[in-house]
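Visitor:
In UniProt numbering, the protein residues as written are 1 to 437.
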């Protein structure tokens, strides 16, 4: 059986599945139920400084995007950090850690960007014997307007400064949670690294409005006729999150920096993909809110079964395995040629491949042959874009088949070259000409 025990910056847990800082981790009752269900760790919902708790709205807090079958694809939330008293949270964290010593408990923190505020909260969190802290530099609504959350996460200099304060004033590992609401995620990651962070976690939620009520003309969710931007999460953000994880994992300045992957993780496969791109573990929120805490049991079993099937003995065998295969467009092999193939036995003759190719792509799929409805690839027109594969409703009915070196590409009239060549050396690239000169 594969060993999926996790050691993330010295924080040990029986598996790599943690609950992210969010409503599911807002109180001991939830966290205990999560641990009983099998979660390896939690990031406790973000704590603020001592004083009157943050005030949340008393109406709808979520907007949603659904698929055709009403499967939840994305959630927008306008909830803020914990609205429970700081001391109540601290007592519960201490007790839960005492009762569940084998599980990871990381405390998310967000206080004003003032050194004294951080110096004040760090020792009281440390006293709970929690395993680490996560600096919430990602929240895009409510708190950012107060100079916290994403307002800090969008300024690399602030990130480095606060991380440095924390590293100087606590023994606990520091995880820096990054905002996706930025042009280049590598810059805040580099700043956190320069400040001495032990790890980064990403992504936090994406600034969004998920819908508008066309009767009241108010954004959703609607509070007394008004709406606000909020944070978007769920399966829809997974591609964005994975790209950002990969960007940090392959950046020479942050290479080797531990990453906790977050963003749309719903299945074991999602988790494996994040880890293959460089994440040392994963955090989950929307899936638990949609399907309940027991979903982790499917994640654990699925990951173990896949690792056993593939011969991966431990998580170390898969973490970062895909990172070297992520590259910039300019280094892709321009001499690689693939063509679509339609399995006529599997084809249900719906015609979606033909319509997609005919109307929006390269007119490379027939609709009629000898007066009979028939869908077949015209190799002389096919550029290998694989749009047809993605619109076909029958899995594996259309596949992409690489042409071997020396085989004639009917579209270009030239044999496929065995030599790797990319844009940096292509004769049409003006920069390549400059370099050659």
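Glycine included, every Cβ here is placed at the ideal spot set by N, Cα and C.
If you follow the alpha helix (DSSP H) that residue 420 is in, where does it begin and where does it stop?
Guide: Per DSSP, residue 420 belongs to no alpha helix (DSSP H) and is neither H nor E.
Visitor: Using a Cβ-Cβ distance under 8 angstroms, would residue 319 count as near chain D?
Guide: Protein chains in the displayed structure number just one, and chain D is not present.
Visitor: Have a look at the DSSP bridge pairing and note the partners of residue 487.
Guide: No information on residue 487 is available, as it lies outside the stretch 1 to 437 that the chain covers here.
Visitor: For residue 219, which of helix, strand or coil comes out of DSSP?
Guide: Of the three classes helix, strand and coil, the one that applies to residue 219 here is strand, per DSSP.
Visitor: Tell me the DSSP bridge mates of residue 408?
Guide: Answer by DSSP bridge pairing, in chain order: 415.
Visitor: Using DSSP bridges, identify the partner residues of residue 18.
Guide: Answer is 41 and 283.
Visitor: Using CA atoms only, rank isn't needed, just tell me which of 172, 188, 379 and 283 is closest to residue 267.
Guide: Nearest option by C-alpha distance: 283.
Visitor: Compute the Euclidean distance between the alpha carbons of residue 436 and residue 424, then round it to the nearest angstrom.
Guide: Confidence at residue 436 is low in this model, with a pLDDT of 45, below 50, so the placement of that residue should be treated as unreliable; the coordinate-derived value is given next. C-alpha separation (whole angstroms): 10 angstroms.
Visitor: In terms of alpha-carbon separation, which member of 97, 45, 25 and 86 lies closest to residue 13?
Guide: It is 97 whose Cα lies nearest to the Cα of residue 13.
Visitor: Quick check on the DSSP output: the alpha helix (DSSP H) that includes residue 339 runs from which residue to which?
Guide: Careful: residue 339 lies outside any alpha helix (DSSP H), inside the beta strand (DSSP E) at 338 to 342.
Visitor: Applying the 10 Å Cβ sphere with the 16-neighbour rule, what's the burial state of residue 335?
Guide: So residue 335 ends up on the exposed side.
Visitor: Return the bridge partner residues of residue 12 from the DSSP annotation.
Guide: Its beta-bridge partners are 7.
Visitor: Over what stretch of residues does the beta strand (DSSP E) that includes residue 233 continue unbroken?
Guide: Residue 233 -> beta strand (DSSP E) spans 230 to 233.
Visitor: Return the chain-ordered list of same chain residues with a C-beta closer than 6 angstroms to the C-beta of residue 379, the five sequence neighbours on each side being excluded.
Guide: Only 339 and 410 meet the Cβ criterion.
Visitor: By a C-beta neighbour count over all protein chains shown, 10 Å radius and 16 as the cutoff for buried, is residue 168 buried or exposed?
Guide: Counting Cβ neighbours within 10 Å, residue 168 comes out exposed, since fewer than 16 surround it.
Visitor: Output needed for residue 426: all residues of its chain with C-beta closer than 7 angstroms, excluding positions within five of it in sequence on either side, in chain order.
Guide: Counting only Cβ-Cβ distances below 7 angstroms, and skipping sequence neighbours, we find 334 and 432.
Visitor: Out of 257, 247 and 231, state which residue places its alpha-carbon closest to the alpha-carbon of residue 264.
Guide: Residue 264 has its Cα closest to that of 231, out of 257, 247 and 231.
Visitor: Closer than 7 angstroms by C-beta to residue 56: which residues in its own chain qualify, once you throw out the five before and the five after it? Chain order, please.
Guide: Same-chain partners within the cutoff: 79, 80 and 83.
Visitor: Quick one: complete beta strand (DSSP E) runs, 3+ long, within the stretch 372 to 407?
Guide: You should have 398 to 402.
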